[in-house]
Amino acid sequence: MSDYLEVANDPMLWIMALPAVVMVGLQAIIFTKRAFKASQLVSLTRKEAMHAFRAGAISAIGPAVAVFIVMLGMMSVIGAPLTWLRLSFIGAAPTELVAAQMGAEALGIEFGSPEYGVTAFATSFWTMTLNGIGWLLFCGLFTHKLESARNKIAGGDTVLMGKIGGAAMLGVMAYLTTGHLLAGGGRLIAAVVAGLTMAVLVKISDSVPALKEYNLGLAMVAGMFVAVMFV
Numbered sequence: 001m002s003d004y005l006e007v008a009n010d011p012m013l014w015i016m017a018l019p020a021v022v023m024v025g026l027q028a029i030i031f032t033k034r035a036f037k038a039s040q041l042v043s044l045t046r047k048e049a050m051h052a053f054r055a056g057a058i059s060a061i062g063p064a065v066a067v068f069i070v071m072l073g074m075m076s077v078i079g080a081p082l083t084w085l086r087l088s089f090i091g092a093a094p095t096e097l098v099a100a101q102m103g104a105e106a107l108g109i110e111f112g113s114p115e116y117g118v119t120a121f122a123t124s125f126w127t128m129t130l131n132g133i134g135w136l137l138f139c140g141l142f143t144h145k146l147e148s149a150r151n152k153i154a155g156g157d158t159v160l161m162g163k164i165g166g167a168a169m170l171g172v173m174a175y176l177t178t179g180h181l182l183a184g185g186g187r188l189i190a191a192v193v194a195g196l197t198m199a200v201l202v203k204i205s206d207s208v209p210a211l212k213e214y215n216l217g218l219a220m221v222a223g224m225f226v227a228v229m230f231v
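By my numbering, the letter at position 74 of the sequence shown is numbered 74, and the numbering carries on one by one without gaps.
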C-alpha cells in the first residue's frame with residue numbers, strides 16, 4: 001500500500017496535472033469575460049453584472065466545501081494529484097468516487113483495501129478518464145438531438161425524465177453498496193450508519209435547504225468515523 005501511495009503522490013503527477021488544471025482556469029476566465037460582454041445584450045449595467053457575479057461566487061462556496069469534504073476521502077486512496085486533476089475537470093466528487101470504485105471492482109479488488117495497489121490505481125484512473133470522455137463526447141455529438149429523444153422517451157415530461165435519471169443513479173449506488181452490506185461486520189455498520197445519516201440530513205434539508213450541498217460529505221464522514229471505530 002505504501003509503495004502505491006508513493007506512486008499516486010509522485011511529484012511528476014503534479015507536473016503532468018498542472019497544464020490541464022491551468023487550462024480549466026483559463027476557460028473560467030474566458031467564460032467570465034464573455035458573460036460580462038453578453039450582459040450588455042440584456043441591458044444589464046456593469047454594477048448589476050458585478051452584483052450577479054458576486055452572488056454566484058458566494059453561492060458556490062457551499063458546493064465547493066461539500067466537494068472538499070469528499071475530496072479528502074479520494075485523496076487518501078488515489079492520491080492528491082489525480083484528485084486535483086479530476087475534480088478540476090469534472091467537479092462532481094460523487095461521480096468520480098463511483099468511477100474510481102468501479103475501476104477497482106473491475107479487477108476484483110475492493111477500493112481502498114490493502115490489496116489496492118498500483119494496477120488498481122491505474123484502472124481507477126482510466127475508468128474516471130473514460131467516464132469523463134464519454135459524456136463530453138456525447139454532449140458534443142448528440143446534445144442537439146436530445147430534445148427529440150426526450151419527447152420520445154417521456155413525451156416531453158421533464159418530471160418523468162428526472163425520475164428516470166434518479167432511478168438509474170439509485171441502481172448504481174445500490175450495486176456499489178450491496179458488497180459492503182453482504183460483507184457484514186464494520187463495513188455493514190458503516191454503510192448503514194452513512195445511509196441513516198443521509199436520510200436524516202435529507203429530512204433536515206427540507207427545512208434548511210442550504211444544508212443539501214453538504215449532505216453527501218457529512219454522511220461519508222459519519223460512515224468513515226464508524227468504520228474506523230470497528231476496524
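Positions of the beta carbon are idealized from the N, C-alpha and C atoms, including for glycine. Here the structure is a predicted model, which means the values were calculated and not measured.
Inset, instruction - Could you say if the stretch 190 to 199 and the stretch 32 to 51 meet the contact criterion of at least three C-beta pairs nearer than 8 Å? - result: no
Inset, instruction - Tell me whether A64 is buried or exposed, calling it buried when 16 or more other Cβ atoms sit within 10 Å of its Cβ. - result: exposed
Legend entry - C-beta atoms of F142 and A8 nearer than 8 Å: no
Inset, instruction - Alpha carbon to alpha carbon, how far is L13 from G195? Give it in angstroms, no decimals. - result: 34 Å
Inset, instruction - Check whether the Cβ of V226 lies closer than 7 Å to any heavy atom of the ligand SAH, and answer yes or no. - result: As far as ligands go, the structure on display features none, and thus does not contain the ligand SAH.
Inset, instruction - Enumerate, from N- to C-terminal direction, the unbroken alpha helix (DSSP H) stretches of 4 or more residues contained entirely within the stretch 113 to 145. - result: 118 to 142
Legend entry - V98 - containing alpha helix (DSSP H), residue span: 93 to 106
Legend entry - DSSP three-state assignment for S207, whether helix, strand or coil: coil
Inset, instruction - Could you check if W126 is buried or exposed, using at least 16 other CB atoms within 10 Å of its CB as the buried criterion? - result: exposed
Legend entry - First and last residue of the uninterrupted alpha helix (DSSP H) at V42: Premise fails: V42 is in no alpha helix (DSSP H) and is neither H nor E.
Inset, instruction - Please name the residue, chosen from A38, G108, V22, that lies closest to L85 on a Cα-to-Cα basis. - result: V22
Inset, instruction - Taking the CB atoms as reference points, tell me whether Y214 and G117 lie closer together than 8 Å. - result: no
Legend entry - Where G79 sits in the DSSP three-state scheme: coil
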